[in-house]
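For the sequence shown, the positions run 0 to 510 when numbering that gives the first Met the number 0 is used. Even glycine gets a Cβ: it sits at the ideal position worked out from N, Cα and C. Here's the structure we're looking at; comments come further down.
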Amino acid sequence: MNSLIIRRKLAEHIIRRLKFPQRTLCTDAAPKVSSSHSVQSSNDHVGQQSFRNEVHPYDIAIVGGGMVGMALACSLARMPLTKHLKVAIIDSNPALSKGLGIKKEDPPDPRVSTVTPATISLFKDIGAWKYVEQHRHAYFDQMQVWDYTGLGYTKYNARDVHKDTLGCVVENKVLHSSLLSCIQDTDFQKTIYPSRLSSMTLQPRNLSMGVDSTSSGLNERGNLAKLDLSDGNSLYAKLVVGSDGSKSRVRELAGFKTTGWNYSQNAIICTVEHSVENRCAWQRFLPAGPIALLPIGDNFSNIVWTMNPKEATDRKSLAEDDFVKDVNYALDYGFGPHPKSSTLGSGGIFSWFKTDVNLSPDECFRVPPKVVKLASERMVFPLSLMHANDYASKHVVLIGDAAHTVHPLAGQGVNLGFGDAFALSRIISEGIAVGTDIAEVLLLKKYEAERKSANVTMMAILDGFQKAYSVDFGPLNILRAAAFNGAQYIPPLKRSIISYASGDQRFPIFS
Numbered sequence: 000m001n002s003l004i005i006r007r008k009l010a011e012h013i014i015r016r017l018k019f020p021q022r023t024l025c026t027d028a029a030p031k032v033s034s035s036h037s038v039q040s041s042n043d044h045v046g047q048q049s050f051r052n053e054v055h056p057y058d059i060a061i062v063g064g065g066m067v068g069m070a071l072a073c074s075l076a077r078m079p080l081t082k083h084l085k086v087a088i089i090d091s092n093p094a095l096s097k098g099l100g101i102k103k104e105d106p107p108d109p110r111v112s113t114v115t116p117a118t119i120s121l122f123k124d125i126g127a128w129k130y131v132e133q134h135r136h137a138y139f140d141q142m143q144v145w146d147y148t149g150l151g152y153t154k155y156n157a158r159d160v161h162k163d164t165l166g167c168v169v170e171n172k173v174l175h176s177s178l179l180s181c182i183q184d185t186d187f188q189k190t191i192y193p194s195r196l197s198s199m200t201l202q203p204r205n206l207s208m209g210v211d212s213t214s215s216g217l218n219e220r221g222n223l224a225k226l227d228l229s230d231g232n233s234l235y236a237k238l239v240v241g242s243d244g245s246k247s248r249v250r251e252l253a254g255f256k257t258t259g260w261n262y263s264q265n266a267i268i269c270t271v272e273h274s275v276e277n278r279c280a281w282q283r284f285l286p287a288g289p290i291a292l293l294p295i296g297d298n299f300s301n302i303v304w305t306m307n308p309k310e311a312t313d314r315k316s317l318a319e320d321d322f323v324k325d326v327n328y329a330l331d332y333g334f335g336p337h338p339k340s341s342t343l344g345s346g347g348i349f350s351w352f353k354t355d356v357n358l359s360p361d362e363c364f365r366v367p368p369k370v371v372k373l374a375s376e377r378m379v380f381p382l383s384l385m386h387a388n389d390y391a392s393k394h395v396v397l398i399g400d401a402a403h404t405v406h407p408l409a410g411q412g413v414n415l416g417f418g419d420a421f422a423l424s425r426i427i428s429e430g431i432a433v434g435t436d437i438a439e440v441l442l443l444k445k446y447e448a449e450r451k452s453a454n455v456t457m458m459a460i461l462d463g464f465q466k467a468y469s470v471d472f473g474p475l476n477i478l479r480a481a482a483f484n485g486a487q488y489i490p491p492l493k494r495s496i497i498s499y500a501s502g503d504q505r506f507p508i509f510s
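Have a look at this one:
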């Protein structure tokens with residue numbers, strides 16, 4: 000009887016194999032890797048491969064070890080129910096295994112992020128923020144936003160929402176290095192593969208498991224994704240996380256479709272130096288796009304200047320002195336007059352916004368500190384909006400720029416990505432707590448539903464701002480000025496804007 004059952008099960012298995020072939024996703028250039036190769040998991044940084052007939056699988060393979068991918072790894076390493084998972088991190092960046100070696104005397108990098116208070120709290124929870132504070136960074140508690148027409152401006156202050164800060168500007172390399180230092184402080188079972196993903200098989204054949212598996216159910220046969228790497232290695236994982244940027248290879252191989260468009264705008268980013276320390280964030284909307292001046296400490300600021308592609312190309316090749324003159328022109332009287340703090344209430348067209356409260360010096364319009372010289376190279380990036388129609392399917396999930404990209408005018412892109420990483424780690428932990436397979440599509444769709452709602456809302460707001468400030472038209476200029484002044488002189492509206500931009504929604508992952 001037992002023999003009959005075994006033969007019947009074997010026949011059913013063969014039929015399934017014939018009826019449902021493997022789904023292999025690759026390109027013509029992908030290397031052919033024998034499925035008999037096995038990957039040995041350890042705490043070492045560099046993955047190694049041996050030729051045995053057994054497979055040592057990972058719970059999670061994170062493809063892309065940038066800021067968002069490393070934030071996910073750090074979060075998993077710090078939570079009680081996920082810190083025992085075996086994780087592979089696939090990224091060709093040598094910094095992951097060798098370190099960045101940042102020195103305080105190094106000139107600031109032009110690639111920075113404006114980190115919200117909510118993100119700062121999450122970094123503190125995983126133990127990474129203390130490393131950020133060892134390097135150059137700049138908290139700011141005020142922000143001034145104004146229009147080139149001179150009709151309106153808004154001042155945001157952290158004290159309006161009973162906070163100490165509105166955010167902190169940090170170089171991307173500092174954030175990345177801090178996350179790397181954070182994960183080195185743990186005994187997390189991780190292996191870093193200094194390579195690239197070439198192909199991915201989402202339904203590999205049944206494999207003989209030669210090791211004990213974790214609580215996530217790796218002992219279930221045929222329930223793994225197979226990843227082939229450009230260096231000839233291959234590995235297996237229960238869940239593949241695509242955190243490999245806007246041109247995500249994981250998204251492409253998994254067949255996730257996207258929606259989006261180009262803005263016909265480029266952004267010039269660079270670091271500039273002042274003669275005094277800048278303690279405020281500034282943003283002015285110009286006819287071709289906004290220019291932002293963000294403090295990064297030590298008398299340095301970061302410039303993010305949006306304009307049409309030809310202007311960006313021309314300004315990138317300008318002599319440094321001429322470029323500095325253009326920056327000061329854009330931040331001062333260029334393109335139009337300064338808004339006047341006393342206009343409201345003096346019979347002007349916006350006098351109906353005036354309250355009985357006198358303006359404090361902090362609420363009056365101020366001119367940004369002058370730029371004295373360029374302190375880094377100028378970099379140009381094309382701007383676009385992209386959103387993946389799906390964030391998750393069985394075995395695969397997307398986070399960060401692999402799932403969405405936004406216009407940089409509010410500095411929210413990386414914060415959305417960090418939100419994805421921390422939400423995914425929490426949901427994986429919740430799934431393990433109730434015995435759910437971490438690659439179960441219903442669990443991953445829970446993450447998708449939560450993050451897609453937050454991300455699409457922010458993307459719609461930023462896209463609306465971009466379109467509203469891309470048209471120079473008299474009646475629309477007046478409406479824009481009314482919006483600025485409404486935000487300035489209607490306290491509940493101002494508080495709501497600050498709270499939303501600060502990311503006050505917290506993810507309770509560390510209870």
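Selection from L443, L226, P107 that minimises the alpha carbon distance to D90: Your numbering for residue 90 matches position 91 in the sequence shown. Per the Cα distances, L226.
Run of the beta strand (DSSP E) containing I290, from where it starts to where it stops: To locate residue 290, count along the sequence shown from 1; it is residue 291. From DSSP, the beta strand (DSSP E) with I290 extends over 288 to 296.
Pairwise C-alpha distance: S392 and E272: Working through the sequence shown from its first residue, we reach residue 272 at position 273. Working through the sequence shown from its first residue, we reach residue 392 at position 393. Their Cα atoms are separated by approximately 47 Å.
Three-state secondary structure (DSSP) of E132: Taking the sequence shown and counting its residues from 1, one reaches residue 132 at position 133. Coil.
A137 - DSSP class collapsed to helix/strand/coil: Here the question's residue 137 lines up with position 138 in the sequence shown. In the structure shown, A137 sits in a strand (DSSP, three-state: E or B).
DSSP-derived helix/strand/coil call for F299: The residue you call residue 299 lines up with position 300 of the sequence shown. Reduced to three states, the DSSP call for F299 is strand.
Validate contact between the region 139 to 152 and the region 98 to 105 using beta carbons, cut 8 Å, 3 pairs: no
Limits of the unbroken alpha helix (DSSP H) element including C269: For the purposes of this step, residue 269 is taken as residue 270 along the sequence shown, with counting starting at 1. C269 -> not in any alpha helix (DSSP H); beta strand (DSSP E) instead, spanning 257 to 272.
Coil, strand or helix - M78 by DSSP: To locate residue 78, count along the sequence shown from 1; it is residue 79. If DSSP states are grouped into helix, strand and coil, M78 belongs with coil.
Three-state secondary structure (DSSP) of S207: Stepping through the sequence shown from its first residue, residue 207 is reached at position 208. Unreliable placement is indicated for S207, whose pLDDT of 44 sits below 50; the coordinate value is still reported in the next sentence. If DSSP states are grouped into helix, strand and coil, S207 belongs with coil.
Beta-carbon spacing of I59, V173 below 8 Å: Stepping through the sequence shown from its first residue, residue 59 is reached at position 60. Stepping through the sequence shown from its first residue, residue 173 is reached at position 174. Not closer than 8 Å, so no.
Q518 - DSSP class collapsed to helix/strand/coil: Residue 518 lies beyond the stretch modelled for the chain, which goes from 0 to 510, so this question has no answer here.
Delimiting residues of the alpha helix (DSSP H) encompassing A318: For this step, residue 318 is matched to residue 319 along the sequence shown. That residue, A318, is in no alpha helix (DSSP H); it is neither H nor E in DSSP.
Residue from V86, P289, M69, K451 with nearest C-alpha to K55: In the sequence shown, counting from the first residue as 1, residue 55 sits at position 56. Strictly speaking, residue 55 in this sequence is His, with Lys absent from that position. Taking only the C-alpha atoms, the option nearest H55 is V86.
Short Cβ contact (8 Å threshold) for A224 with L201: As a working note, residue 224 is residue 225 in the sequence shown. As a working note, residue 201 is residue 202 in the sequence shown. In contact: A224 and L201 (Cβ atoms closer than 8 Å).
Distance between beta carbons of N301 and V169, contact taken as under 8 Å: In the sequence shown, counting from the first residue as 1, residue 169 sits at position 170. In the sequence shown, counting from the first residue as 1, residue 301 sits at position 302. That pair is no contact at about 10 Å.
Closer than 7 Å: K246 CB and nearest the ligand PLP heavy atom: With respect to the ligand PLP, the structure shown offers nothing to examine, as it has no ligands at all.
Those residues which DSSP pairs with T113 across a bridge: Taking the sequence shown and counting its residues from 1, one reaches residue 113 at position 114. Per DSSP, V168.
CA-to-CA distance, Y155 to E319, given in whole angstroms: Taking the first residue of the sequence shown as 1, we reach residue 319 at position 320. Taking the first residue of the sequence shown as 1, we reach residue 155 at position 156. Their backbone Cα atoms lie some 32 Å apart in a straight line.
C-alpha distance - D419 paired with S177, whole-angstrom precision: Here residue 419 corresponds to residue number 420 of the sequence shown, with the count starting at 1. Here residue 177 corresponds to residue number 178 of the sequence shown, with the count starting at 1. Their backbone Cα atoms lie some 19 Å apart in a straight line.
Exposure of L382, with buried meaning 16 or more beta-carbon neighbours within 10 Å: Sequence index remark: in the sequence shown, residue 382 carries index 383 (1-based). So L382 ends up on the buried side.
Span separating the alpha-carbon of M66 from that of D186: To locate residue 66, count along the sequence shown from 1; it is residue 67. To locate residue 186, count along the sequence shown from 1; it is residue 187. Their backbone Cα atoms lie some 20 Å apart in a straight line.
Residue range of the unbroken beta strand (DSSP E) whose run includes K237: Here residue 237 refers to the residue found at position 238 of the sequence shown. Run containing K237: 233 to 241, per the beta strand (DSSP E) assignment.
P381 (DSSP reduced to helix, strand or coil): Here the question's residue 381 lines up with position 382 in the sequence shown. P381: strand per DSSP, three-state reduction.
Residues near M306 in its chain [Cβ-Cβ closer than 6 Å; skip 5 each side]: Position 307 of the sequence shown, counted from the first residue, corresponds to residue 306. These residues qualify, in order along the chain: A287, G288.
Assigned secondary structure, D124 (DSSP; H/G/I helix, E/B strand, else coil): As a position in the sequence shown, residue 124 is number 125, starting the count at 1. The answer is helix: DSSP assigns D124 an H, G or I state.
Cβ neighbours of S194 in the same chain (closer than 7 Å, five flanking residues each side left out): Position 195 of the sequence shown holds residue 194. The answer, listed in chain order, is I89, S91, L228, S229, D230, N232.
CA-to-CA distance, V371 to N327, given in whole angstroms: Along the sequence shown, read from residue 1 onward, the residue named residue 327 stands at position 328. Along the sequence shown, read from residue 1 onward, the residue named residue 371 stands at position 372. Their Cα atoms are separated by approximately 9 Å.
Residue range of the beta strand (DSSP E) that includes S198: In the sequence shown, counting from the first residue as 1, residue 198 sits at position 199. Residues 196 to 200.
Reference F130; option with closest CA among T312, I182, E429: As a first step, residue 130 must be located in the sequence shown, where it is residue number 131. It should be noted that the sequence gives Tyr, not Phe, for residue 130. Y130 has its Cα closest to that of I182, out of T312, I182, E429.
With 16 other Cβ atoms within 10 Å as the buried cut-off, status of M69: Counted from its first residue, the sequence shown places residue 69 at position 70. So M69 counts as buried.
Whole-angstrom distance between T456 and K246, CA atom to CA atom: The residue given as residue 246 occupies position 247 in the sequence shown. The residue given as residue 456 occupies position 457 in the sequence shown. So the alpha carbons of these two residues sit roughly 22 Å apart.
Of the residues A374, T404, S428, the one placed nearest M385, counting alpha carbons only: Taking the first residue of the sequence shown as 1, we reach residue 385 at position 386. That would be T404, whose Cα lies nearest to the Cα of M385.
Per-residue burial, D184 [other beta carbons within 10 Å of its own, 16 or more giving buried]: Indexing the sequence shown from 1 puts residue 184 at position 185. By the neighbour-count rule (16 or more Cβ atoms within 10 Å), D184 is not buried but exposed.
Residues bridged to L441 (per DSSP): Locating residue 441 in the sequence shown gives position 442, counting from the first residue. Beta-bridge pairing links L441 to no other residue.
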